[in-house]
Amino acid sequence: LPSVHGSALFTRGETQSLTSVTLGSKLDQQMIDNYKEKSFSKLMLHYNFPSFSVGEARPNRGPGRREIGHGALAERGLKRMIPDDFPYTLRIVSDILESNGSSSMATVCAGSMAMMDAGIQVKAGASGIAMGMVADSDGRYAILSDILGDEDHLGDMDFKVVGNESGIYACQMDMKVEGLSYDVLEEALLQAKEGRMHILKEMEKTIAKPNEGLKDHAPQIEIMIIPKDKIGACIGSGGKVIQEIQAETGAIVTIEEEGDTGVVEISGIGSEPIEKAKEWITGIITDPEVGTEYVGKVKSVVDFGAFVEILPGKEGLLHISEISWERLESMDDVFEDGEEVKVKLIEFDERSGKLRLSRKVLLEKPEGYVERPPRERRDNRGRDNRGGRDNRGGGRGRDNRGGRDNRGGDRRDNRNRNDNRNRNDNRNSDNKPADNSSEDVG
Numbered sequence: 022l023p024s025v026h027g028s029a030l031f032t033r034g035e036t037q038s039l040t041s042v043t044l045g046s047k048l049d050q051q052m053i054d055n056y057k058e059k060s061f062s063k064l065m066l067h068y069n070f071p072s073f074s075v076g077e078a079r080p081n082r083g084p085g086r087r088e089i090g091h092g093a094l095a096e097r098g099l100k101r102m103i104p105d106d107f108p109y110t111l112r113i114v115s116d117i118l119e120s121n122g123s124s125s126m127a128t129v130c131a132g133s134m135a136m137m138d139a140g141i142q143v144k145a146g147a148s149g150i151a152m153g154m155v156a157d158s159d160g161r162y163a164i165l166s167d168i169l170g171d172e173d174h175l176g177d178m179d180f181k182v183v184g185n186e187s188g189i190y191a192c193q194m195d196m197k198v199e200g201l202s203y204d205v206l207e208e209a210l211l212q213a214k215e216g217r218m219h220i221l222k223e224m225e226k227t228i229a230k231p232n233e234g235l236k237d238h239a240p241q242i243e244i245m246i247i248p249k250d251k252i253g254a255c256i257g258s259g260g261k262v263i264q265e266i267q268a269e270t271g272a273i274v275t276i277e278e279e280g281d282t283g284v285v286e287i288s289g290i291g292s293e294p295i296e297k298a299k300e301w302i303t304g305i306i307t308d309p310e311v312g313t314e315y316v317g318k319v320k321s322v323v324d325f326g327a328f329v330e331i332l333p334g335k336e337g338l339l340h341i342s343e344i345s346w347e348r349l350e351s352m353d354d355v356f357e358d359g360e361e362v363k364v365k366l367i368e369f370d371e372r373s374g375k376l377r378l379s380r381k382v383l384l385e386k387p388e389g390y391v392e393r394p395p396r397e398r399r400d401n402r403g404r405d406n407r408g409g410r411d412n413r414g415g416g417r418g419r420d421n422r423g424g425r426d427n428r429g430g431d432r433r434d435n436r437n438r439n440d441n442r443n444r445n446d447n448r449n450s451d452n453k454p455a456d457n458s459s460e461d462v463g
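Okay, so the sequence shown: first residue is 22 according to our numbering, each after it adds one.
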């Protein structure tokens, strides 16, 4: 198929499987939430068995027990082929186009070829075969290879084996007899190996080894290792930074902590979004060095200068006095947002993270230029010489104010003296004899 990451069409007798492979990132993994713990699976295999593959016209419904069981067996067999360090998530879809035999083993063969076509560096190819048996009551038996539908229905055994010349990857057996002897099982396994090797050689005529690289439209994944203490800076508050990286670059970024390091997985279509995301993350985890020259981008212009981004997520102040040797009265028409400017880092405060930039140090000094002497700080303007609160208006302090017990004390004493004096005068006037002399009126 032209537009998929990998595909294969496998036909064996009257059984045919069209299988496609899709590559995804870690975010596409299937979450398995069971009663014990939550886990994630990097391989998903979907086995579709439409009714037309057996000449029927049933309505299409969801997968039943048969589809789920056959898909699980094929998934177990193909899982052994995937390299341990393979970073992708795999989704394999097998569409059975016709069936008269083991369609699950056809899925294994088609899936193996599709993964090679996708450029997955599998350990080795794998094939599958279904073995059967017919036995009578006298103990006689015959082992059948690559059984058809009637042989499966009328026979006494359905033994599916997946693997290659190095061993068995998966197997499943259905029996209609009470049991099998060791000799019968050994014979069935050896005969199954011969059949697997024959099928594998036929597959190798089409594709013998994995393709060198992925398809152009397949996602690419690169891994970065960052310091553990930089994980928070790359994620940002509430995931703000990592979301901005994904929105601006078009790449998918995941970060996980493993031991004393952080593992960053970057995926995207083509190398351009991946390289942009790598540069962004590298800028975040890299501390700027004083004296280094950068080509930055103007993020905003203010009255006193401009803020320039020299590394992804790291902005510094380019003061108006550091733009050119000539004196600038204002920032009008000096820079525009998004304009690139070459600057030099002249100061980096590790505690606050503030950066001071200069552009004029990269320019030639004009002829006859005289630098202005620095302003001298007046000693009497320093805060150390200002009177403190204890020295301001000492006479007005609360310590010198009369307390409530002392307020107006002399005034009350004078009032008491006057009251006593008035009482004494009244007593004297009461004790003085009355004047009985009167004038004669004639």
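Here a beta-carbon is modelled for each residue, glycine too, at the ideal position from N, C-alpha and C.
Can you look up residue i in the DSSP assignment and give me helix, strand or coil?
i	result
Q549	Past the edges of the chain, shown from 22 to 463, lies residue 549, and the structure says nothing about it.
V285	strand
D250	helix
E208	helix
I89	helix
S40	Here residue 40 is Thr; the residue named in the question, Ser, does not match the sequence. Note: T40 maps to strand in three-state DSSP.
L99	helix
Q267	helix
Y162	strand
R73	It should be pointed out that residue 73 corresponds to Phe in this sequence rather than to Arg. Helix at F73.
L349	coil
Y56	coil
I168	coil
V198	coil
S133	helix
E35	coil
P108	coil
Let me confirm a value: residue i is counted as buried when at least 16 other C-beta atoms fall within 10 Å, else exposed. Which label applies?
i	result
L383	exposed
W346	exposed
D353	exposed
Q37	buried
A268	exposed
H174	exposed
I244	exposed
F31	buried
On the premise that residue j lies in contact with residue i, defined as a C-beta separation below 8 Å, what is that separation, rounded to the nearest angstrom?
i	j	result
I164	Q212	5 Å
I341	V364	Incorrect: roughly 13 Å between the Cβ atoms, too far for contact.
A151	D179	6 Å
G146	T40	Their Cβ separation, rounded to whole angstroms, is 14 Å, which puts G146 and T40 out of contact at 8 Å.
N69	I117	7 Å
Please report the distance separating the alpha-carbon of residue i from that of residue j.
i	j	result
H26	L66	15 Å
E265	A298	10 Å
V320	P333	Reading off the sequence shown, one finds Lys at residue 320, where the question assumed Val. Rounded to whole angstroms, K320 to P333 spans 12 Å at the Cα level.
E310	A272	28 Å
D171	G188	29 Å
C130	I103	14 Å
T270	V285	15 Å
E35	S124	10 Å
E336	G359	13 Å
G184	G176	24 Å
V42	K222	22 Å
E96	K63	11 Å
S166	W301	58 Å
G83	T275	33 Å
Q50	L111	8 Å
E278	K249	7 Å
H91	V262	44 Å
A93	I53	14 Å
A29	G149	15 Å
Opposite residue i in the DSSP bridges: which residues?
i	result
K365	E314, S379
L338	F328, R377
Y68	S115
V322	A327
K181	A151, Q193
How about residue i: is its C-beta nearer than 9 Å to some C-beta of chain C?
i	result
K381	Absent from the structure: chain C. Only one protein chain is present.
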